[in-house]
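Start counting the sequence shown at 7; every next residue gets the next number (our numbering).
From the three backbone atoms N, C-alpha and C, an ideal C-beta is built for every residue, glycine too.
The structure appears below as structure tokens.
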Amino acid sequence: MNMHRHNQRGLSLISLMIALLIGSFLLAGLFDVWFQTRTTFKTQNQMSQVQDNQRMALIVLANAVQTAGYYPLSANYGTNPPTPLYTQQNVFNASSPFTVAGQAVYGTHSSTTPTNDTLQVRFMADTAANAGNTLDCMGQVDTAQTVVTETFAITNSNLTCQLSTQTSPATIISGVEGLEVFYGVATNHDNSVTEYLTADQVTSHAMWAYVQSVNLQLTFVNPLYGQSGVPGQTSATLLPISRIVLLTQNAK
7 MNMHRHNQRG
17 LSLISLMIAL
27 LIGSFLLAGL
37 FDVWFQTRTT
47 FKTQNQMSQV
57 QDNQRMALIV
67 LANAVQTAGY
77 YPLSANYGTN
87 PPTPLYTQQN
97 VFNASSPFTV
107 AGQAVYGTHS
117 STTPTNDTLQ
127 VRFMADTAAN
137 AGNTLDCMGQ
147 VDTAQTVVTE
157 TFAITNSNLT
167 CQLSTQTSPA
177 TIISGVEGLE
187 VFYGVATNHD
197 NSVTEYLTAD
207 QVTSHAMWAY
217 VQSVNLQLTF
227 VNPLYGQSGV
237 PGQTSATLLP
247 ISRIVLLTQN
257 AK
């Protein structure tokens, strides 16, 4: 009886190496997809956070400007009216750095650091009965019928607010690299804005009494700058955002 031995067949070493190579390519592709997805999610999350901070910063500053010059006119008609009666001129007297009676907005600007302006606003807290109508930059209710001054500045890439009732500034929004403030003045003294000036220009022309609006410009840190896997980020800061806000209390 003839016995025929069948040759055993299996994967050759070359076939095994080819299979491993193909598997490595597939794993590398999967890893690249995972990495790109992770990077995209991270960048979207970072930019979303910046956009939230941009909106909040403009809201806080705009609210401050709109509140500037406010005083509770209704107190003049209450059971215990103030003496003298409240007017914008006697509520907000000419006390440093405010140079004109009735002035509710002030700022500083330097040509050497043009994106590092400061902005000061002042208002009188509402009556106790309407305390929630006037909140400061910290979202707090201040002592009724007291004048509160808020000073906004940029410190260590943070937008800060210093209250006259506090001893140190507080961080409002992080990631803010620059603050520029331009003041719309009515040079014809008719409440119509004719030009926007920096704070030092307003001071040199003695125009603080004629400021009708404020143009706020904020520059934020670019969170994607210098990150690997995020091409095209050539600037450490984002494009400035801006908003023009009217001094509505000046109409009193």
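**Asked** Which ranges would you report for the beta strand (DSSP E) in the region 103 to 145 if only whole runs of at least 3 residues count?
**Response** Annotation note: the region 103 to 145 contains the following uninterrupted beta strand (DSSP E) runs of length 3 or greater, listed N- to C-terminal: 111 to 116 and 119 to 130.
**Length of the line joining the Cα atoms of Lys258 and Pro103** = Note on Lys258: pLDDT 47, under 50, position unreliable in the model; the coordinate value appears next. Cα to Cα, Lys258 sits roughly 22 Å from Pro103.
**Request:** Please go through the same chain and pick out, in chain order, the residues whose beta-carbon is closer than 8 Å to the beta-carbon of Ser174, but skip the five residues on each side of it.
**Result:** For Ser174, where only same-chain residues beyond five positions count, the Cβ hits under 8 Å are Gln168.
**Asked** Excluding five sequence neighbours on each side, which residues of the same chain lie with their C-beta closer than 6 Å to the C-beta of Ala242?
**Response** Here the set comprises Asn228 and Tyr231.
**Request:** Using a threshold of 8 Å, state whether the C-beta atoms of Leu185 and Ile160 are closer than that.
**Result:** For the pair Leu185 and Ile160, the CB atoms are nearer than the 8 Å cut-off.
**Distance CB(Thr121)-CB(Ala131) smaller than 8 Å** = Result no, Cβ atoms of Thr121 and Ala131 do not sit closer than 8 Å.
**Request:** Determine the burial state of Arg61: buried for a count of at least 16 other Cβ atoms within 10 Å of its Cβ, exposed for fewer.
**Result:** Here Arg61 is exposed: its Cβ has fewer than 16 other Cβ atoms, across all protein chains shown, within 10 Å.
**Request:** Would you mind reading off the limits of the beta strand (DSSP E) that contains Val251?
**Result:** Ile247 to Leu252 is the span of the beta strand (DSSP E), which, as asked, contains Val251.
**Coil, strand or helix - Ser180 by DSSP** = Here Ser180 sits in strand by DSSP.
**Message:** What does the alpha-carbon distance come out to for the pair Leu252 and Val208?
**Reply:** About 17 Å.
**Prompt:** Between the C-alpha atoms of Leu67 and Gln255, what's the straight-line distance to the nearest angstrom?
**Reply:** Each residue's alpha carbon lies about 15 Å from the other.
**Message:** Can you list, in chain order, the residues of its chain with a C-beta nearer than 8 Å to that of Pro246? Leave out the 5 residues immediately preceding and following it.
**Reply:** The beta carbon of Pro246 sits closer than 8 Å to those of Gly184, Glu186, Gln223, Leu224 and Thr225, all from its chain and outside the five residues before and after it, given in chain order.
**Which of helix, strand or coil DSSP assigns to Phe98** = Taken through DSSP and simplified to helix, strand or coil, Phe98 comes out as coil.
**Prompt:** In three-state terms, what does DSSP make of Gln151?
**Reply:** Note: Gln151 maps to coil in three-state DSSP.
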